[in-house]
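Working notes, structure below.
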Ligand code: NAD
Ligand code: IPM
Ligand code: MN
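Numbering (full-length UniProt numbering), first residue to last: 1 to 347.
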C-alpha cells in the first residue's frame with residue numbers, strides 16, 4: 001500500500017481548527033482509496049516563538065525536508081509577535097528554501113455559494129511567483145528614527161525566476177482553456193516589470209497555441225470583479241499575486257473558500273499546502289472558521305502526491321456539502337459541522 005508522510009503545521013489562530021478538519025477528511029479518503037497518510041505534527045507557531053525565541057528549531061527546514069508534503073494552517077499572531085518576525089521565521093523560509101516557486105490558487109464558486117458578483121461561471125487559476133520579486137527581503141533603513149530616515153525595499157526579479165513561473169503558467173494554460181494573463185505594472189515600474197513583459201513575449205512565441213494578454217495589475221483587479229469569466233490562468237509576481245488572490249477569494253465567497261498549493265515543480269523538496277487565509281484572530285477560538293479552504297488545499301496535496309482519484313472524491317464531497325447549503329454562509333455553521341458534512345458526503 002502506498003504511504004505518504006505529511007508534516008502538519010497547524011500554526012496560529014484558526015490554523016489548528018482548519019487543519020484538524022482537513023486531516024479528518026484526508027485520512028478518511030485515504031482509507032477509502034487504499035493508501036496511507038501519516039501525520040507528524042509540529043507546534044511551530046507564535047506560541048512556540050514565545051517559549052523558545054524562534055518560530056521553528058534551527059534544524060526545522062532539515063526536519064521538514066524528509067516529508068512527502070507539508071500541510072499548514074496559518075501563521076501569525078500580531079498581538080504578541082510582529083508579523084515581520086513570525087512570517088519571516090516560518091512560512092516564507094519554507095517557500096523559499098524548498099523552491100516552491102509556483103503558488104497555485106484556484107478561484108471558482110462552489111455550488112450553493114453566493115458570491116458578491118453577478119458573474120457566477122468563472123474559473124480562474126492564479127499562479128503566483130512565490131520565491132522572489134517583492135518578497136526578496138533586500139533592503140534596509142538608514143537614519144532610523146530621525147527626520148532623514150529612508151527605508152528601501154528592493155524587488156529582485158531574475159530571468160530564471162520569471163521564466164520558470166511564466167513557463168509553469170503556459171503549461172497550465174495548455175491543460176485548461178488555453179488563455180494566459182500576465183500581470184505587471186510596466187507603465188510605472190520600468191525595470192522589473194518591463195523585464196517581465198519582455199519574457200512574457202519571448203515565451204508567447206514558443207507557446208503559440210496559448211492566447212496571451214498582458215495586463216496592468218490595477219486593470220486586472222477591476223477585471224476580476226467586472227469580467228472574471230474572461231480569465232483562465234493569471235500569472236503574477238509575489239506581491240501582486242498575493243493581493244489578487246485575496247480578491248479572488250472574495251469573489252468566490254470569502255477567504256474560507258480559497259485554497260493554495262506552494263509547489264516545487266521539480267520535486268527536489270516537499271511542496272506545501274495551505275489555505276490562502278491567515279490565522280483570523282477576530283474569530284479564533286470561536287469554532288466558526290470555515291475549513292473548506294483547508295480541505296480543498298488538502299485535495300490539492302493528495303493530487304500532487306499522485307492520488308488524483310482521491311483528490312476528486314474530496315472535491316466532490318466539498319461540492320455536495322456546499323450544494324446542500326452547508327458552509328456557504330460565513331459564520332453560520334460551526335467548523336466541526338462543516339467537516340462532519342464533508343466526511344459524510346465522501347463516497
Ligand atoms: P486573515 O485571512 O487571517 O483574516 C481576514 C478576514 O477573513 C478576517 O475577518 C477573518 O475572520 C476572515 N477569515 C479568514 N479565514 C477565514 C475562514 N477560514 N473562515 C471564516 N472567516 C475567515 O487575514 P489578516 O487578519 O490580515 O491576518 C491575520 C494573521 O494571519 C496575521 O498575522 C497575518 O500576517 C497572518 N496571515 C497568515 C497567512 C498564512 O499563514 N498563510 C496568510 C494570511 C495572513
Ligand atoms: C499568503 C499570506 C502571506 C503572503 C503572508 C502571511 C506573508 O498573505 O499566503 O497569501 O503574503 O504570502
Ligand atoms: Mn495573502
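Cβ atoms here follow ideal geometry from the backbone N, Cα and C, with glycine treated the same way.
Beta-carbon proximity list for residue i, same chain, < 7 Å, skipping 5 on both sides
{"i": "residue 24", "result": "339, 343"}
{"i": "residue 185", "result": "193, 216, 217"}
{"i": "residue 168", "result": "102, 127, 265"}
{"i": "residue 96", "result": "131"}
{"i": "residue 140", "result": "152"}
{"i": "residue 322", "result": "110, 111, 112, 113, 328"}
{"i": "residue 138", "result": "154, 156"}
Beta-carbon proximity list for residue i, same chain, < 6 Å, skipping 5 on both sides
{"i": "residue 91", "result": "75"}
{"i": "residue 317", "result": "342, 345, 346"}
{"i": "residue 129", "result": "165, 237, 238"}
{"i": "residue 350", "result": "Nothing in the structure corresponds to residue 350, since the chain is present only between 1 and 347."}
{"i": "residue 278", "result": "74, 76"}
{"i": "residue 10", "result": "16, 19, 73"}
{"i": "residue 302", "result": "310, 311"}
{"i": "residue 183", "result": "215, 217, 220, 236, 240"}
{"i": "residue 121", "result": "229"}
Sequence-distant residues of its chain with Cβ nearer than 8 Å to residue i (five each side left out)
{"i": "residue 36", "result": "1, 2, 3, 4, 30"}
{"i": "residue 67", "result": "5, 6, 7, 40, 270"}
{"i": "residue 125", "result": "104, 105, 106, 107, 172, 176, 232, 233, 234"}
{"i": "residue 247", "result": "221, 224, 225"}
{"i": "residue 319", "result": "110, 111"}
{"i": "residue 145", "result": "none"}
Neighbour-count burial assignment, residue i, 16 or more Cβ in a 10 Å radius
{"i": "residue 12", "result": "buried"}
{"i": "residue 187", "result": "exposed"}
{"i": "residue 210", "result": "buried"}
{"i": "residue 228", "result": "buried"}
{"i": "residue 69", "result": "buried"}
{"i": "residue 232", "result": "buried"}
{"i": "residue 327", "result": "buried"}
{"i": "residue 205", "result": "exposed"}
{"i": "residue 198", "result": "exposed"}
{"i": "residue 300", "result": "buried"}
{"i": "residue 57", "result": "exposed"}
{"i": "residue 48", "result": "buried"}
{"i": "residue 286", "result": "exposed"}
{"i": "residue 259", "result": "buried"}
{"i": "residue 252", "result": "buried"}
{"i": "residue 45", "result": "buried"}
{"i": "residue 202", "result": "exposed"}
{"i": "residue 38", "result": "exposed"}
Identity of the residues DSSP links to residue i by a beta bridge
{"i": "residue 2", "result": "35"}
{"i": "residue 304", "result": "DSSP, once it has assigned bridges, lists no residue as partnering residue 304."}
{"i": "residue 128", "result": "103, 236"}
{"i": "residue 275", "result": "259"}
{"i": "residue 8", "result": "41, 71"}
{"i": "residue 243", "result": "Note: residue 243 sits in no beta bridge, so no partner."}
{"i": "residue 288", "result": "In DSSP, residue 288 forms no bridge with anything."}
{"i": "residue 214", "result": "182"}
{"i": "residue 152", "result": "140"}
{"i": "residue 334", "result": "DSSP lists no partner for residue 334."}
{"i": "residue 133", "result": "156"}
{"i": "residue 123", "result": "108"}
Distance cut-off 7 Å: residue i Cβ against heavy atoms of ligand 1
{"i": "residue 274", "result": "yes"}
{"i": "residue 326", "result": "no"}
{"i": "residue 75", "result": "yes"}
{"i": "residue 18", "result": "yes"}
{"i": "residue 187", "result": "no"}
{"i": "residue 250", "result": "no"}
{"i": "residue 69", "result": "no"}
Heavy atom of ligand 2 within 7 Å of residue i beta-carbon
{"i": "residue 357", "result": "Nothing can be reported for residue 357, as the shown portion of the chain is limited to 1 through 347."}
{"i": "residue 203", "result": "no"}
{"i": "residue 87", "result": "yes"}
{"i": "residue 242", "result": "yes"}
{"i": "residue 278", "result": "yes"}
{"i": "residue 60", "result": "no"}
{"i": "residue 178", "result": "no"}
{"i": "residue 133", "result": "no"}
{"i": "residue 139", "result": "no"}
Option nearest residue i by Cα separation, candidates the options
{"i": "residue 64", "options": "124, 180, 94", "result": "94"}
{"i": "residue 136", "options": "149, 150, 154", "result": "154"}
{"i": "residue 51", "options": "112, 313, 80", "result": "80"}
{"i": "residue 116", "options": "288, 249, 310", "result": "249"}
{"i": "residue 160", "options": "200, 148, 244, 330", "result": "200"}
{"i": "residue 162", "options": "89, 189, 133, 302", "result": "133"}
{"i": "residue 14", "options": "297, 284, 325", "result": "284"}
{"i": "residue 335", "options": "294, 99, 304, 100", "result": "294"}
{"i": "residue 331", "options": "315, 324, 289", "result": "289"}
{"i": "residue 282", "options": "32, 28, 78, 267", "result": "78"}
Check: residue i C-beta below 7 Å from any heavy atom of ligand 3
{"i": "residue 246", "result": "yes"}
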